[in-house]
Amino acid sequence: GLILDRRLYCGSNDQAGECGHLRLAPWGPVGYGKAGAFEGFCSGGGLAQLGQIRARELQQLGRPPAWCPQPADLPMLSTARLAEFALQGDAEAREVFRCSGEYLGRGLAMLVDILNPECIVIGGIFSRVEALLRPAMEQSLQAEALPLSLSCCRIVPAALQDKIGDYAALAVACGDSLPPRQ
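Throughout the sequence shown, residue numbering follows the working numbering, covering 375 to 556 in sequence.
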């Protein structure tokens, strides 16, 4: 969602702020029914899809990754398993997160350039694997966003982590105003 001038901005038919469908590349994991969408590259499900794509490539090259050694393992590959191997230093698993972080940074750069926000709060998978995503995200942001706009924008994980969607729905149900700034 978008909070503009301390108010939840909903748009003309309550769809404002829904950036998950934005296409970041002509290929890639499917999110919002589109290959290469923001949601596809940057969600937990999208990361699992990226891992499956990379695992299939490595299997076909005769170098199956430890986190997905057999073609039959592809449908069961989870982001949690991929993160476990990446955090242990597996180079191929880390590359999957690097790729996701790069596209996350590209998408955020567009938002920074268009909206010039002081802060972007990211929930979901970012809250759990920030250390794996942030380096490539930052590099991509530095390369893509307007420097002046980026200089005043903080990118932070949602303190509510996975519960952010629940609270967002509650906020919409209760009204679109935030309390006055203290």
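Beta carbons are placed, not taken as given, at the ideal position from N, Cα and C, and that holds for glycine.
Which residues in the same chain have their Cβ closer than 6 Å to the Cβ of residue i, if we skip the five residues on either side of it in sequence?
i	result
residue 418	453 and 499
residue 439	429, 432 and 466
residue 451	422, 425, 426 and 442
residue 475	507, 510 and 511
residue 460	467, 468, 471 and 506
residue 455	441
residue 384	390
Counting C-beta neighbours from all protein chains within 10 Å, is the total for residue i 16 or more, i.e. buried, or is it exposed?
i	result
residue 529	buried
residue 477	buried
residue 435	exposed
residue 485	buried
residue 364	Past the edges of the chain, shown from 375 to 556, lies residue 364, and the structure says nothing about it.
residue 468	buried
residue 378	exposed
residue 457	buried
Going by alpha carbons, who is nearest to residue i out of the options?
i	options	result
residue 480	449, 393, 385 and 383	393
residue 496	523, 381 and 391	391
residue 411	460, 437, 482 and 384	482
residue 501	461, 445, 544 and 533	533
residue 449	420, 513 and 544	420
Quickly, what does DSSP pair residue i with across the bridge? List them, please.
i	result
residue 609	Nothing about residue 609 can be reported from this structure: the residues present for the chain run from 375 to 556 only.
residue 382	377
residue 495	530
residue 397	411
Return the Cβ separation of residue i and residue j in integer angstroms, given the expectation that the two are a contact with Cβ distance under 8 Å.
i	j	result
residue 424	residue 473	6 Å
residue 504	residue 521	Between residue 521 and residue 504 the Cβ distance is about 23 Å, and since that is not below 8 Å, they are no contact.
residue 491	residue 548	At roughly 23 Å, the Cβ-Cβ gap does not stay under 8 Å, so residue 491 and residue 548 are not in contact.
Counting only the same chain and skipping the five closest in sequence on each side, list residues whose C-beta sits under 8 Å from that of residue i.
i	result
residue 408	395, 397 and 414
residue 464	439, 440 and 441
residue 515	479, 482, 483, 486, 524 and 529
Confirm the yes/no value for this check: CB of residue i, any heavy atom of the ligand MG, distance under 7 Å.
i	result
residue 474	As for the ligand MG, it is missing from this structure, which has no ligand bound.
Which residues in the same chain have their Cβ closer than 7 Å to the Cβ of residue i, if we skip the five residues on either side of it in sequence?
i	result
residue 487	519, 520 and 523
residue 493	527, 528 and 530
residue 402	409, 410, 414 and 415
residue 406	394, 395 and 413
residue 388	none
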